[in-house]
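Residues in the sequence shown are numbered from 122 upward in steps of one, following the working numbering. The beta-carbon is built from N, C-alpha and C at its ideal position, and this holds for glycine as well. Here the structure is laid out as structure tokens; the discussion comes afterwards.
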Amino acid sequence: MTTKKRLFLLDAYALIFRGYYAFIKNPRINSKGQDTSAILGFVNSLFDVIKRENPDHLAVCFDKDGSVERTELFPEYKANRDETPQAIRDAIPYIKAILEAMNIPSVELSGMEADDVIGTLAKQAEKQNYTVYMVTPDKDFAQLVSENIFMYRPARLGNGIEIWGIPEVQKKFGVKTPDQVIDFLGMMGDSADNIPGLPGVGEKTAMKFIAEFGTMENLLANTDKLKGKMKEKVEANAELGLLSKQLATICIDCDVTFDEEAYELSEPAEAEKVVEIFTELEFRRATEQFLKLYKRGVASAEATPEAKETNKKTASQTAGTGQFSLFGNDGEINIDVNEIAGYKTLANNPHLYQVVEEGLGFELFLQKLMQQNSVCFDTETTSLNTFEADLVGIAFSWEKGKGFYIPFPPEREKSLPIIEKLKPFFESKTIEKVAHNLKYDAKVLANYGVEVKAPIFDTMLAHYIINPDMRHNMDVLSETYLNYAPQSIEELIGKKGKNQKKMSEVPLKDQTEYAVEDADVTFQLKQIFSEELKATNSLKIYENIELPLLEVLTKMELEGIKIDRDFLEQFSKDLDKEIIELEKQIYNEAGEEFNIASPKQLGDILFGKLKLIDKPKKTKTGQYSTAEDVLSYLAKDHQIIADVLAYRGLVKLKSTYVDALPKEIENKTGRVHTEYAQAVAATGRLSSNNPNLQNIPIRTERGREVRKAFVPRDENHILLAADYSQIELRIIAALSNEETMIKAFQQGEDIHASTAAKVFNVPIEEVTREQRSNAKTVNFGIIYGVSAFGLSNQTDLNRTEAKELIETYYKTYPKLRGFIDDKIDFAREHEYVETVLGRRRYLKDINARNHVVRSGAERNAVNAPIQGSAADIIKLAMINIQKVFEEKSIQSKMLLQVHDELVFDVLKTELEDVKKIIKHEMENAFQMAVPLEVEIGVGENWLEAH
């Protein structure tokens, strides 16, 4: 008995669009400013299919000029679609070139859609005894499903792949046979393709008609069985129904032929070409994935079992080296990815990296070191945790291709004399210290009693300022800017796991090559980025904000904050009791026990059994949606939903914070040391990790209580929290020069009450709580481009009322509308916007023809200058406060930054002085037409202080 061969047919444009929009909030932009999201999205889908399924045969089908027949039948067919985003149009030639180099056929036919090409090929292959998988997220393909033809829906948003056979199609569409999907689509229409369908017929009615009549024709022949308005509508639109069915029918006899030999998945025709294209696009990970597939013999399906086994061994031996030896039937094929990509490496690039010996050699090195103006250094350590890390060695470079490595003995006490001799360099106020992610090195050295003092230069931060949307790790930057591929850490110490070596176990010669290479590469990047910062007018924000802030954050992270373990332990027990009580309540309301944490079971209870609403929203997999936004909208009308949301909130609070925070306490200090990432958010905001303290909930009473766990270091200290009051609104008022709003702030009015008074035309003292709340929602919503739909979801207003409120708001504050338009116009002309301090946010899609893409960029054009300016201002305040603390020898410490708030551990005897310093520096960090206002609180824990 022979196993059926399997053919996979990929719906190119469906996968390309899906991949592009998957990255829409965080587009993949390379160093040339090219949006590569669509290409990467498609490549990921292609590789995933090959890796998971190891198909025998595979082809990719494209649309070509759309469907001539359907457009002739109905000129409005697909006429409602936005223009294809430019990034997708630019992607197609690259994708076709990749497929050609991989020896994968691209199939297209002028005047036909990919659906028709796939339909025809699928049916032909089925007759030749193939099992066919149509790889597409498009539900229309369900009509083609048979015993041997399946829909293969790729993984998305955390959901795994779905394979739809006949049972799945029957369940999804309520049909007896898959070909009835055509009737189903004809009846209900398809908004995506602008197929009209029968007016008034939605999904449920279409299912009902299918169950009763079976086909469109049978429905139209039996309209006497319908009643009232529905009867009239169906009879009046009979022709439209038949036309819709015709438009929804996938052609299975177009002029293409399944070519068994050409579609066979075989060895790539030009592996080097694939790597070249990926290198041009800066697809480092995709290159590795491609070569792994290649090595596994997946792309060489005919290789002998012996060759495949050799490939497998070679794959593990050469991981991370860029060197690949593959064995096909024609013998060994050697591939050097770096050579193909044209990268220089340690192996082919002349360099001189020396170990510094003890004694005279070390003294001569020190003399030379102290004579330099700028030196790059890089620490090699035993751990990524700076509190546990011991020094293995330090590399230095101040000339391209040259550098030195100082190894450290494993005993800490023997390392201290070496560090002591290097201390004058690190604490020099004239020699510039250069590093990549300097904060890590500075924290490691601080644990040895060494402070890395300005002047400093951090290449990671420099690149973040130059190109905030790109990745900033050193290897990527080296390949991009220097055309040089640094040695992989995995090559040196092996992959993660029990067999991974420690850096201290690596031979000294290899340590030297690896460590000094990093310092050398970073020093070369520094020369390039120094010029780039000037060219983009970004030097000021880099030197005046990001570098001084790096020093402040280093001190804050080293300081950490004390956590009350006993409080959290008791809080966890209390939450357990509340969660159990809520569970009982929900089971009682549901009439049965079920897994509340299971979206499927919860959806079946709320919308299947209890039928809380008529038309519940469904996910793409067909189950009821129980997403937060869906349930939040219904919570006020249904107690069980309110209880489910409360249950979810408590479970998340317990697992994410109450139970997790004690595990984050550092053994050596007994404190929690969050790490602040400067080079993540494109707006300039800091992000907090290990643990993330910026997401501690503040809207619920129980959520706020987590802050009680953060306490002063001892009885002589007290926590102080200083919070900017409505800083973003103040920035909007100042930047828009909106006099009415500026005046309200200058007079110290409650801005939300003031806005409500003007918008609702009532005296400020008569503003109701609801009016103020609605005005507050609009005030903050303006920053994010709130729509009438969005506002109605966030308030008790219906959509018409919300629309009227927004219109009245803009009439009240006319200059605000002008400010928004000006920002968008500026962005359209320059493709970037700036904060008040000159931080740029690049908006490549601001002139996109596609409405969805362009709208996102327009929102960012307004939001980025406001949110970014607020981020810059609090950074300035932090720098200035730290400076004053040091000048006045203040012993109190700045510990945390959370959005617009700073938290301090204040020595009680310094409290009044510190309050004045903080208030003055925060309120005067940046001068605007609107005064900055800071609210200060103190307490025995963070909640009390806040």
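Sequence-distant residues of the same chain with beta carbon closer than 7 Å to residue i, five excluded per side
i           : result
residue 195 : 364, 368
residue 854 : 862, 863, 866, 1051
residue 955 : 961, 986
residue 209 : 137, 138, 141, 159
residue 483 : 477
residue 303 : 264, 366, 369, 370
residue 307 : 318, 337, 362, 365, 366, 369
residue 909 : 920, 923, 924, 927
Contacting residues, own chain, Cβ-Cβ under 8 Å from residue i (five flanking each side not counted)
i           : result
residue 670 : 799, 996, 999, 1000
residue 533 : 511
residue 284 : 254, 271, 272, 273, 274
residue 276 : 169, 282
residue 536 : 511, 512, 529, 530, 569
Segment limits, beta strand (DSSP E) that includes residue i
i           : result
residue 499 : 495-502
residue 473 : 473-476
residue 962 : 961-963
residue 512 : 512-520
residue 966 : Run containing residue 966: none; DSSP gives neither H nor E here.
residue 524 : 523-528
residue 553 : 553-556
Segment limits, alpha helix (DSSP H) that includes residue i
i           : result
residue 764 : 760-774
residue 859 : Careful: residue 859 lies outside any alpha helix (DSSP H) and carries neither H nor E.
residue 540 : 533-547
residue 214 : 207-222
residue 118 : This structure cannot settle anything about residue 118, because the visible part of the chain is limited to 122 through 1067.
residue 607 : It is not in any alpha helix (DSSP H) - residue 607 carries neither H nor E in the DSSP assignment.
residue 647 : 629-656
residue 322 : Element bounds for residue 322: n/a, residue is neither H nor E.
residue 950 : 935-951
residue 368 : 359-369
residue 390 : No alpha helix (DSSP H) contains residue 390, which DSSP labels as neither H nor E.
residue 892 : 890-902
residue 337 : 337-342
residue 722 : 720-724
residue 489 : 481-490
residue 714 : Per DSSP, residue 714 belongs to no alpha helix (DSSP H) and is neither H nor E.
residue 915 : 909-915
Beta-ladder partner(s) of residue i, from DSSP
i            : result
residue 708  : According to DSSP, residue 708 bridges with nothing at all.
residue 810  : 796
residue 131  : 181, 256
residue 285  : 272
residue 309  : None, per the DSSP bridge assignment.
residue 150  : 156
residue 1056 : 844
residue 745  : 739
residue 1079 : Lying before the first or after the last residue shown, residue 1079 is absent from the chain, which here runs from 122 to 1067.
residue 251  : 126
residue 683  : 792, 832
Sequence-distant residues of its chain with Cβ nearer than 6 Å to residue i (five each side left out)
i           : result
residue 387 : 224
residue 562 : 500, 556
residue 554 : 573, 577
residue 215 : 160
Distance cut-off 7 Å: residue i Cβ against heavy atoms of the ligand MN
i           : result
residue 397 : With respect to the ligand MN, the structure offers nothing, as it holds no ligand at all.
Please specify which runs of the alpha helix (DSSP H), each continuous and at least 4 residues long, are wholly inside the stretch 160-203, giving them in chain order. 189-194
Check whether the stretch 829-837 touches the stretch 940-952, taking contact to mean three or more Cβ pairs, one atom from each stretch, closer than 8 Å. no
At 3 residues or longer, and completely inside the stretch 981-1050: list those beta strand (DSSP E) runs for me, N to C. 1014-1019, 1022-1028
Enumerate, from N- to C-terminal direction, the unbroken alpha helix (DSSP H) stretches of 4 or more residues contained entirely within the stretch 823-876. 848-857, 860-867
Counting pairs of beta carbons, one from the stretch 773-781 and one from the stretch 816-825, are three or more of them closer than 8 Å? yes
I'd like to know if the stretch 225-233 and the stretch 393-400 are in contact, where contact means that at least 3 CB-CB pairs between them fall below 8 Å. no
At which residue ranges does the stretch 555-594 contain complete beta strand (DSSP E) runs of 3 or more residues, listed in the order of the chain? 577-579
Pairing CB atoms from the stretch 177-189 with CB atoms from the stretch 372-387, are three or more of them under 8 Å? yes
Between the stretch 703-712 and the stretch 762-769, can you find at least three pairs of beta-carbon atoms closer than 8 Å? yes
Counting Cβ pairs, one atom from each stretch, are 3 or more of them under 8 Å apart for the stretch 564-576 and the stretch 585-604? no
Give a yes or no on contact between the stretch 642-650 and the stretch 588-601, applying the rule of three or more CB pairs nearer than 8 Å. yes
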